[in-house]
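What follows is a short report on a single structure.
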Amino acid sequence: MSRYGLLGHPVGHSRSPALHAAWLRAAQIDGTYEAFDLPPHTPGALVIARLRELGLRGANLTVPFKTRVLDHLDHLEPTAARTGAVNTVWVEDGELWGANTDVGGFLGEARDLGAAMDGPAVVVGAGGAARAVVVGLLEAGVPQITVLNRTPDRAIALARDLGGPVEAGPIARLTDTLRDASIVVVCVSGAGAAALRAQPVAPPPSAVWIDLIYWMPDPPHLATLAARGIRTGDGRQMLVHQGALALRHFTGVAADPAVGLAILGVGAPLPATPDDTPARG
9 MSRYGLLGHP VGHSRSPALH AAWLRAAQID GTYEAFDLPP HTPGALVIAR
59 LRELGLRGAN LTVPFKTRVL DHLDHLEPTA ARTGAVNTVW VEDGELWGAN
109 TDVGGFLGEA RDLGAAMDGP AVVVGAGGAA RAVVVGLLEA GVPQITVLNR
159 TPDRAIALAR DLGGPVEAGP IARLTDTLRD ASIVVVCVSG AGAAALRAQP
209 VAPPPSAVWI DLIYWMPDPP HLATLAARGI RTGDGRQMLV HQGALALRHF
259 TGVAADPAVG LAILGVGAPL PATPDDTPAR G
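Just so you know, we're using the working numbering here: the sequence shown kicks off at 9 and counts up by one.
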């Protein structure tokens, strides 16, 4: 029996075990997927040691471990190198590979919602999730990306680091920046979410608004915008798509996103494109 898992802190809220268990059953793979809570200060070398100790053939990682393991892997996929974070680790021919499927997961949710990638994008937040989103938007050819954050210095640093058509500023610019936005992606919780909630928002009727913090009750503005007819997503689609990509790395099997979306109560996705399912390794 093959063993896979989630390493992180906290992991109690995660839906990944249910998703991967369903995919393993559907693919008739004799395997398990479990969540393992590690102390938050565990260094990267010990995270990898724990993965090996548990006998995991593949694992997903959560914050704060996505950046700590970078120097302890044998191979790193280009997207992981660009984002500076790994959320998927697997063993192949005795060596450890690392990938970042958050980028493809976000693009999968954007595609499901019919988001236009030929207009301006607004990203709220400047942490790891926001970085993955900006990388995805750049890969999709979005012509203008604005990163807004409660602490603008972090947004400016992110924009400078990734380059391209990316500018940055304070969250107070949100109302004005939304006026011609095609897609808005929210990547904040806690104080960042409170700052977002204080901003008036009126995106164009054709815009798509995605809040990636799927475990947050009452995400800022999401229900109100949905009631206005704005297309909205709450991050569950991203979770499914990134998980499906991770399973492809673990097993070589192309997981069906529709299975995961049904488990989470989300409508069926649009047909996948070849770029959504990269080959293993």
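We treat Cβ as the ideally placed atom computed from N, Cα and C, and that holds for glycine.
For clarity, every value in this text was computed on a predicted model and none was experimentally measured.
Please report the straight-line C-alpha distance between residue 170 and residue 32, rounded to a whole angstrom.
The residue labelled residue 170 in the question sits at position 162 within the sequence shown. The residue labelled residue 32 in the question sits at position 24 within the sequence shown. Rounded to whole angstroms, residue 170 to residue 32 spans 36 Å at the Cα level.
Quick check: what's the CA-CA separation for residue 38 versus residue 95?
As a position in the sequence shown, residue 38 is number 30, starting the count at 1. As a position in the sequence shown, residue 95 is number 87, starting the count at 1. A direct Cα-to-Cα measurement between residue 38 and residue 95 gives close to 23 Å.
In whole angstroms, give me the CA-to-CA distance for residue 81 and residue 74.
By one-based count along the sequence shown, residue 81 stands at place 73. By one-based count along the sequence shown, residue 74 stands at place 66. For residue 81 and residue 74, the distance between alpha carbons rounds to 12 Å.
Who are the near neighbours of residue 151 in its chain, counting only those whose CB is closer than 8 Å to its CB and skipping five residues on each side?
Working through the sequence shown from its first residue, we reach residue 151 at position 143. Around residue 151: 126, 127, 128, 173.
Residue 162 - containing alpha helix (DSSP H), residue span
For the purposes of this step, residue 162 is identified with residue 154 of the sequence shown, where counting begins at 1. Counting along the chain, the alpha helix (DSSP H) containing residue 162 begins and ends at 160 to 170.
Report yes or no: do the segment 174 to 190 and the segment 224 to 233 share at least 3 C-beta pairs separated by less than 8 Å?
No, the segment 174 to 190 is not in contact with the segment 224 to 233.
Given 8 Å, three or more beta-carbon pairs between the segment 154 to 165 and the segment 114 to 121:
Short answer: they don't touch.
Going straight from the alpha carbon of residue 246 to that of residue 133, what length do you get?
Position 238 of the sequence shown holds residue 246. Position 125 of the sequence shown holds residue 133. Going by C-alpha positions, residue 246 is about 17 Å away from residue 133.
Grab me the residues of residue 288's own chain with a C-beta within less than 7 Å of its C-beta, minus the 5 sequence neighbours each way, in chain order.
In the sequence shown, residue 288 corresponds to position 280, counting from 1. Annotation note: pLDDT 33 at residue 288 (below 50); position unreliable, coordinate value reported separately. Answer for residue 288: 256, 257, 260, listed in chain order.
Span separating the alpha-carbon of residue 284 from that of residue 90
In the sequence shown, residue 284 corresponds to position 276, counting from 1. In the sequence shown, residue 90 corresponds to position 82, counting from 1. With a pLDDT of 36 at residue 284, under the threshold of 50, the modelled position of that residue is not reliable, and the figure given next carries that caveat. Roughly 18 Å between the two C-alpha positions.
According to DSSP, which residues form a beta bridge with residue 219?
As a position in the sequence shown, residue 219 is number 211, starting the count at 1. Beta-bridge pairing links residue 219 to 194.
Just to confirm my understanding: we take residue 188, look at its own chain, exclude 5 residues before and 5 after, and list those with CB closer than 6 Å. What are they?
Translated into positions along the sequence shown, residue 188 becomes position 180. Once the five neighbours on either side are set aside, the close Cβ partners of residue 188 are 128.
Rounded to whole angstroms, what's the CA-CA distance from residue 108 to residue 17? Just pull it up for me.
Within the sequence shown, residue 108 is the residue found at index 100, counting from 1. Within the sequence shown, residue 17 is the residue found at index 9, counting from 1. If I take the Cα positions, the gap works out to 18 Å.
Would you tell me roughly how many angstroms separate the C-alpha atoms of residue 204 and residue 250, rounded to the nearest one?
Reading the sequence shown from its first residue, position 196 is the one you call residue 204. Reading the sequence shown from its first residue, position 242 is the one you call residue 250. For residue 204 and residue 250, the distance between alpha carbons rounds to 26 Å.
Quick check on residue 46: does DSSP put it in helix, strand or coil?
Counting from one through the sequence shown, the residue named residue 46 turns up at place 38. Shown here, residue 46 sits in coil according to DSSP, grouped into three states, outside any helix or strand.
Just how far apart, CA to CA, sit residue 13 and residue 223?
Here residue 13 corresponds to residue number 5 of the sequence shown, with the count starting at 1. Here residue 223 corresponds to residue number 215 of the sequence shown, with the count starting at 1. Here the C-alpha atom of residue 13 lies approximately 19 Å from the C-alpha atom of residue 223.
Skipping 5 residues on each side, what residues in its chain have a beta carbon closer than 8 Å to that of residue 77?
The residue labelled residue 77 in the question sits at position 69 within the sequence shown. The residues are 52, 55, 56, 69, 94, 97, 106.
Short CB-CB distance (under 9 Å) between residue 84 and chain D:
Among the chains of the structure shown, chain D does not appear; only one protein chain is present.
Measure how close the beta-carbons of residue 238 and residue 211 come, nearest whole angstrom, since I'm counting them as under 8 Å.
Taking the sequence shown and counting its residues from 1, one reaches residue 238 at position 230. Taking the sequence shown and counting its residues from 1, one reaches residue 211 at position 203. Contact holds; Cβ gap of about 6 Å.
Using the Cβ count rule (16 or more neighbours within 10 Å means buried), how would you classify residue 194?
In the sequence shown, residue 194 corresponds to position 186, counting from 1. Residue 194 counts as buried, since no fewer than 16 other beta carbons sit within 10 angstroms of its beta carbon.
Of the choices 214, 213, 198, whose alpha-carbon is the least far from that of residue 226?
By 1-based counting over the sequence shown, the position of residue 226 is 218. Nearest C-alpha to residue 226: 198.
Of the residues 252, 244, 264, 253, which one's Cα is nearest the Cα of residue 274?
Counting from 1 along the sequence shown, the entry for residue 274 is found at position 266. Considering only alpha carbons, the answer is 244.
Between residue 11 and residue 141, what straight-line distance do the alpha-carbon atoms span, to the nearest angstrom?
What you label residue 11 is simply residue 3 of the sequence shown in a count that begins at 1. What you label residue 141 is simply residue 133 of the sequence shown in a count that begins at 1. Rounded to the nearest whole angstrom, the C-alpha separation of residue 11 and residue 141 is 30 Å.
What is the rounded straight-line gap between the Cα of residue 30 and the Cα of residue 167?
Along the sequence shown, one-based indexing puts residue 30 at 22. Along the sequence shown, one-based indexing puts residue 167 at 159. Residue 30 and residue 167: Cα-Cα distance of roughly 38 Å.
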